[in-house]
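The structure appears below as structure tokens.
Chains as they are written, first to last, in our numbering: chain A, 559 to 875; chain B, 20 to 349.
See below:
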């Protein structure tokens with residue numbers, strides 16, 4: 559029995575450098591990607607970004623799993639990846655606390671883990687990649703204030719009137735996009751005259767905007783926490799023939815969604831919330847080739863307006 | 020009028036449903052958001068918002084009267100929304116052909132549920148629950164998990180853009196001097212069709228008989244299986260119509276569209292006074308139920324009631340409306 563221990567240690571010593579030098583299975587690195595919910599277009603985009611970035615590297619193979627917005631399902635999918643002994647794990651967790659143990663288990667087993675978008679607790683992971691919703695919300699607020707201050711009715715000493723269509727307010731992105739925006743508005747001649755929780759849903763946003771229009775004869779700007787909600791609000795205003803009087807601002811800036819709305823002139827601006835998919839694959843390659851990587855990476859994001867969308871947007875200041 | 024007939028009239032389900040509606044409208048008059056509730060635009064918007072739910076409610080009513088339930092309608096909305104968007108936007112198909120495909124698909128799903136329930140004796144709850152999951156998967160497969168919009172993405176990440184076909188604008192449009200949404204007319208059309216089926220066709224009586232006492236109906240020669248097939252088939256058809264209306268109003272096909280709409284459709288039918296045990300009720304009750312739910316949401320929305328209070332108030336007011344109906348019945 560005790561003869562087996564040094565043998566195992568020796569084996570381990572042999573395997574560890576080997577793992578850094580080459581794939582564990584066959585001639586391809588296997589990356590397990592655990593996505594928490596493919597019901598959201600933004601997360602579909604994240605997977606698409608990962609797939610596209612990985613396709614550029616023939617030595618990579620990515621296996622995707624979708625937890626369908628179920629924490630426990632995601633937990634078991636991560637455990638399946640550990641059992642399959644993947645070369646690297648990418649996790650975009652649904653929630654921090656319940657998904658910390660499986661992520662830590664993978665990390666302790668020597669599987670590098672990249673955590674995307676939402677955090678896990680502690681530091682038993684290789685790298686966290688995420689964007690800063692508060693910063694994006696604040697940038698949207700600063701942009702909105704600049705636009706509103708140039709309106710004739712505000713220049714004449716009036717106050718601008720904003721409708722805010724929030725995301726699900728029990729979610730952190732919703733809370734942060736609100737907090738950042740409100741921080742930028744402080745001390746400015748602007749009022750939020752109507753606010754409603756759209757739960758990220760476009761039909762809900764349209765209904766709430768119809769109410770906002772019914773109650774308020776003048777609305778200068780609509781700030782929506784995601785582009786679908788901004789689009790729904792635009793459609794409501796268009797039906798009321800008031801879309802020309804209102805500036806619409808959204809968040810997410812997905813290529814097939816927000817950027818298109820900006821191109822079509824429906825939204826005045828959309829602020830990108832980057833998926834980090836491409837960055838995750840780049841980091842994965844560095845880790846697999848034995849480089850060390852920083853623990854945390856905050857993604858910079860772009861914003862898109864009619865003027866810059868053709869050229870791929872502009873980075874936030 | 021004799022006292023007896025007054026009492027009977029007061030106890031009639033339609034009067035009770037009207038009472039629930041009046042209760043919600045009264046709340047709206049009291050909390051009118053600086054007069055917004057008294058403007059026609061608010062009512063027109065409410066009628067537009069409730070139309071998709073109402074269309075689903077029509078199919079749900081037929082199924083409920085036959086003694087069943089159809090949980091698949093929300094998923095069929097999603098499936099038909101992406102199908103319609105794909106056929107018109109991506110395939111460039113003409114509107115009538117696309118409509119035929121989509122309505123055919125919805126009806127087929129409904130008939131499949133109906134066959135499971137009628138021929139294979141699977142419980143309606145189970146059969147349509149399975150269909151709900153299946154149709155949602157189909158919607159995601161058809162769309163590749165993405166919303167189908169005017170921007171068509173190519174494998175290399177670039178986009179081409181297509182114009183919105185006229186059928187989208189025509190459906191998301193207002194008529195009568197901007198005073199009525201077209202989707203509301205579609206809803207009323209579905210109500211009318213359901214009324215004809217229930218009140219004018221022999222099959223309407225078969226539906227009531229099947230839902231009332233299936234065994235007795237079978238023994239007295241009612242084609243129970245065919246009646247059920249009709250109910251689920253029409254429910255699928257209406258869900259497809261709702262999906263088309265949803266896509267037209269969103270200007271895209273969203274594979275997640277319509278999730279949990281089946282619950283609202285059931286709520287509409289039940290608040291109107293249709294009984295879940297089947298055999299009783301009518302489409303007029305569903306119309307009143309749709310208005311009740313529509314006004315409830317609208318009143319809470321124009322008053323900008325916060326989300327947590329809104330959910331609690333919705334629950335409380337639904338219970339109050341149902342209890343109000345019951346007291347008058349006794």
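All C-beta atoms in this analysis are idealised placements derived from N, C-alpha and C, irrespective of residue type, glycine included.
Task: Members of the stretch 165-184 of chain B near chain A, C-beta cut-off 8 Å - done: Answer set for the stretch 165-184 of chain B: 165, 166, 168, 169, 170, 172, 176, 178 and 180.
Task: Contact with chain A by residue 321 of chain B, beta-carbon distance below 8 Å - done: Position 302 of the second chain holds residue 321 of chain B. With 8 Å as the cut-off, residue 321 of chain B counts as an interface residue toward chain A.
- [ ] Answer yes if the stretch 112-125 of chain B comes into contact with the stretch 282-297 of chain B, meaning at least three C-beta pairs across the two stretches below 8 Å, and no otherwise.
- [x] Judged by Cβ distances under 8 Å, the stretch 282-297 of chain B makes no contact with the stretch 112-125 of chain B, as fewer than three pairs qualify.
Task: the stretch 63-76 of chain B in contact with the stretch 234-252 of chain B per 3-pair CB rule at 8 Å - done: Contact between the stretch 63-76 of chain B and the stretch 234-252 of chain B is absent: fewer than 3 CB-CB pairs across the two stretches fall below 8 Å.
Task: Which residues DSSP lists as bridging residue 754 of chain A, in chain order - done: The residue you call residue 754 of chain A lines up with position 196 of the first chain. Per DSSP, A/723.
- [ ] May I ask you to list, following chain order, the residues of the stretch 63-74 of chain B that have a beta carbon less than 7 Å from some beta carbon of chain A?
- [x] Listed by position along the chain: 64 and 68.
Open item on the list: Quick check on this structure: which residue in A/875, A/609 and A/698 has the alpha carbon closest to the alpha carbon of residue 806 of chain A?
Closed with: Reading the first chain from its first residue, position 248 is the one you call residue 806 of chain A. Of the listed residues, the one whose Cα sits closest to residue 806 of chain A is A/698.
TODO: Put residue 864 of chain A into one of helix, strand or coil per three-state DSSP.
DONE: Position 306 of the first chain, counting from 1, holds the residue named residue 864 of chain A. In the structure shown, residue 864 of chain A sits in coil (DSSP, three-state: anything other than H, G, I, E or B).
- [ ] Please confirm if the stretch 139-148 of chain B is in contact with the stretch 81-94 of chain B, defined as three or more CB-CB distances below 8 Å between the two stretches.
- [x] With a cut-off of 8 Å, the stretch 81-94 of chain B and the stretch 139-148 of chain B count as touching, because enough Cβ pairs lie within range.
TODO: Identify the contact partners of residue 61 of chain B in chain A, using a Cβ-Cβ distance below 7 Å as the criterion.
DONE: Counting from one through the second chain, the residue named residue 61 of chain B turns up at place 42. In chain order: 772.
TODO: Given a cut-off of 8 Å, decide if residue 94 of chain B and residue 158 of chain B are closer than it, judged by their beta-carbon atoms.
DONE: To locate residue 158 of chain B, count along the second chain from 1; it is residue 139. To locate residue 94 of chain B, count along the second chain from 1; it is residue 75. It is a contact, given that the beta carbons lie within the stated cut-off.
Task: Cross-chain neighbours of residue 55 of chain B in chain A, by beta carbon under 7 Å - done: What you label residue 55 of chain B is simply residue 36 of the second chain in a count that begins at 1. Correct list: 772 and 773.
Open item on the list: Assess contact between the stretch 216-232 of chain B and the stretch 92-109 of chain B, defined as three or more Cβ pairs (one per stretch) separated by less than 8 Å. Is contact present?
Closed with: The stretch 216-232 of chain B makes no contact with the stretch 92-109 of chain B: fewer than 3 CB pairs, one atom from each, lie closer than 8 Å.
Open item on the list: Going by DSSP, what residue range makes up the alpha helix (DSSP H) through residue 187 of chain B?
Closed with: Residue 187 of chain B sits at position 168 when you count from the first residue of the second chain. Following the DSSP letters along the chain, one finds residue 187 of chain B inside the alpha helix (DSSP H) bounded by residues 185-190.
Open item on the list: Would the stretch 779-797 of chain A count as touching the stretch 750-765 of chain A if we require 3 or more Cβ pairs under 8 Å?
Closed with: Because the criterion of three Cβ pairs below 8 Å is met, the stretch 779-797 of chain A and the stretch 750-765 of chain A touch.
Open item on the list: Looking at the strands, I want to know which residues DSSP matches up with residue 193 of chain B.
Closed with: Stepping through the second chain from its first residue, residue 193 of chain B is reached at position 174. Per DSSP, B/200.
Task: Alpha carbon of residue 32 of chain B to alpha carbon of residue 299 of chain B, nearest angstrom - done: Translated into the one-based positions of the second chain, residue 32 of chain B becomes position 13. Translated into the one-based positions of the second chain, residue 299 of chain B becomes position 280. In this structure, the CA atom of residue 32 of chain B is about 10 Å from the CA atom of residue 299 of chain B.
Open item on the list: Counting only Cβ pairs nearer than 7 Å, list the residues of chain B close to residue 602 of chain A.
Closed with: Position 44 of the first chain, counted from the first residue, corresponds to residue 602 of chain A. Around residue 602 of chain A, the beta-carbon contacts reaching into chain B at under 7 Å are 164 and 165.
- [ ] State buried or exposed for residue 132 of chain B, treating a residue as buried only when at least 16 other CB atoms are found within 10 Å of its CB.
- [x] The residue labelled residue 132 of chain B in the question sits at position 113 within the second chain. It counts as buried.
Task: Proximity below 8 Å, CB of residue 719 of chain A to CB of residue 640 of chain A - done: One-based indexing of the first chain puts residue 719 of chain A at position 161. One-based indexing of the first chain puts residue 640 of chain A at position 82. Going by C-beta atoms, residue 719 of chain A is not nearer than 8 Å to residue 640 of chain A.
Open item on the list: Buried or exposed, going by whether 16 or more other CB atoms sit within 10 Å of the CB of residue 814 of chain A?
Closed with: If you number the first chain from 1, residue 814 of chain A lands on position 256. It counts as buried.
Task: Minimum length 3: unbroken beta strand (DSSP E) runs contained in the stretch 741-825 of chain A - done: You should have 748-755, 779-782 and 805-810.
Task: residue 294 of chain B - containing beta strand (DSSP E), residue span - done: As a first step, residue 294 of chain B must be located in the second chain, where it is residue number 275. Careful: residue 294 of chain B lies outside any beta strand (DSSP E) and carries neither H nor E.
TODO: Give a yes or no on whether 8 Å exceeds the smallest Cβ distance from residue 58 of chain B to chain A.
DONE: By one-based count along the second chain, residue 58 of chain B stands at place 39. Chain A, which has a Cβ nearer than 8 Å to the Cβ of residue 58 of chain B, makes this yes.
Open item on the list: If I measure Cβ to Cβ from residue 717 of chain A and keep anything under 8 Å in the same chain, skipping five residues before and after, which residues do I get?
Closed with: Sequence index remark: in the first chain, residue 717 of chain A carries index 159 (1-based). Excluding sequence neighbours, residue 717 of chain A sits near 747, 748 and 749.
Task: Per-residue DSSP class, three states only, for residue 624 of chain A - done: Start at 1 with the first residue of the first chain, and residue 624 of chain A comes out as number 66. If DSSP states are grouped into helix, strand and coil, residue 624 of chain A belongs with the strands.
Task: Nearest-angstrom Cα separation, counted from residue 650 of chain A out to residue 661 of chain A - done: The count along the first chain starts at 1 and reaches residue 661 of chain A at position 103. The count along the first chain starts at 1 and reaches residue 650 of chain A at position 92. Going by the C-alpha atoms only, they are around 11 Å apart.
Task: Endpoints, beta strand (DSSP E) assigned at residue 126 of chain B - done: Residue numbering aside, residue 126 of chain B sits at position 107 when the second chain is read from its first letter. Note, residue 126 of chain B: premise wrong, no beta strand (DSSP E); alpha helix (DSSP H) at 114-137.
- [ ] Just the chain B side, please: which residues come within less than 8 Å of residue 626 of chain A by C-beta, in chain order?
- [x] In the first chain, residue 626 of chain A corresponds to position 68, counting from 1. None at all; the shortest Cβ gap to chain B is about 10 Å.
TODO: Look at the Cβ atom of residue 834 of chain A, then the Cβ atom of residue 675 of chain A, and state whether they are nearer than 8 Å.
DONE: As a first step, residue 834 of chain A is located in the first chain; it is residue number 276 there, counting from the start. As a first step, residue 675 of chain A is located in the first chain; it is residue number 117 there, counting from the start. Yes, Cβ-Cβ distance for residue 834 of chain A and residue 675 of chain A is below 8 Å.
Open item on the list: Need the endpoints of the alpha helix (DSSP H) that residue 61 of chain B sits in, please.
Closed with: Taking the second chain and counting its residues from 1, one reaches residue 61 of chain B at position 42. Per DSSP, the unbroken alpha helix (DSSP H) holding residue 61 of chain B starts and ends at 59-84.
- [ ] Assign residue 126 of chain B to buried or exposed, taking buried as 16 or more other Cβ atoms, counted over all protein chains shown, within 10 Å of its Cβ.
- [x] Taking the second chain and counting its residues from 1, one reaches residue 126 of chain B at position 107. When all chains shown are included, residue 126 of chain B counts as buried.
Open item on the list: For a minimum of 4 consecutive residues, which ranges assigned as the alpha helix (DSSP H) are wholly contained in the stretch 626-659 of chain A?
Closed with: Scanning the stretch 626-659 of chain A for uninterrupted alpha helix (DSSP H) segments of 4 residues or longer gives 629-641, listed from N- to C-terminal end.
Task: Inter-residue Cα distance where the pair is residue 571 of chain A and residue 642 of chain A - done: The count along the first chain starts at 1 and reaches residue 571 of chain A at position 13. The count along the first chain starts at 1 and reaches residue 642 of chain A at position 84. Caution is warranted here: a pLDDT of 41 is assigned to residue 571 of chain A, below 50, making its placement in the model unreliable, and the coordinate value is therefore given only provisionally. If you take the alpha carbons of residue 571 of chain A and residue 642 of chain A, they lie about 21 Å apart.
Task: Burial state of residue 691 of chain A (16 or more Cβ within 10 Å) - done: Position 133 of the first chain, counting from 1, holds the residue named residue 691 of chain A. Buried is the call here.
- [ ] Could you tell me the distance, in whole angstroms, from the CA atom of residue 626 of chain A to the CA atom of residue 595 of chain A?
- [x] Taking the first chain and counting its residues from 1, one reaches residue 626 of chain A at position 68. Taking the first chain and counting its residues from 1, one reaches residue 595 of chain A at position 37. Their backbone Cα atoms lie some 5 Å apart in a straight line.
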